[in-house]
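In what follows, a structure is listed as structure tokens, so that the remarks can point back to it.
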Amino acid sequence: MESCMKLIEEYVERRRRIIYVMSRLIDRKMEHFQDVNMFFLHTQNLSNELNANVSAFDAQQSNYELCDTEKALRSQIEDLKREEMQCNQTFHKDATFGKEYKTEHVAIGILEKFEYPKFGAKEHV
């Protein structure tokens, strides 16, 4: 049961990172649009995508919590890893960022390294 709890914690953290990267992408896009109509349409599309992904993650989490098996949780975490990579690729490729984004300062997406939990590592006191 303890291993399942760790997997659920990892799932929740990965989900949080994906939502964070996507919401930051929306924020950055908003800063670069001059035309109000174009800005609204573009951010509305991104917001819809973000909301759809959040709803899908919530539905998947409910399904996996109901079956409560380690195998199912591991499968879901693998799905989240792929989704996280896709979000990060979108973030990296986005033209509005230019050279302002320096990959050596971050681990994945836009979070600083210290913001990432150390999955499977024990904290040294």
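Start counting the sequence shown at 11; every next residue gets the next number (the numbering used here).
Glycine included, each C-beta is placed from N, C-alpha and C at the ideal position.
With respect to the 8 Å criterion, E93 and I28 are classified as neighbours on the basis of their beta carbons.
Of the residues assessed, R26 falls on the exposed side of the cut-off, its CB having fewer than 16 other CB atoms within 10 angstroms.
For a cut-off of 8 Å, the C-beta gap from I18 to L90 is around 12 Å, too long to register as a contact. A direct Cα-Cα distance of roughly 31 Å separates T100 from C14. The criterion of a C-beta distance shorter than 8 Å is satisfied by V31 and C97.
A direct Cα-to-Cα measurement between K103 and S85 gives close to 27 Å.
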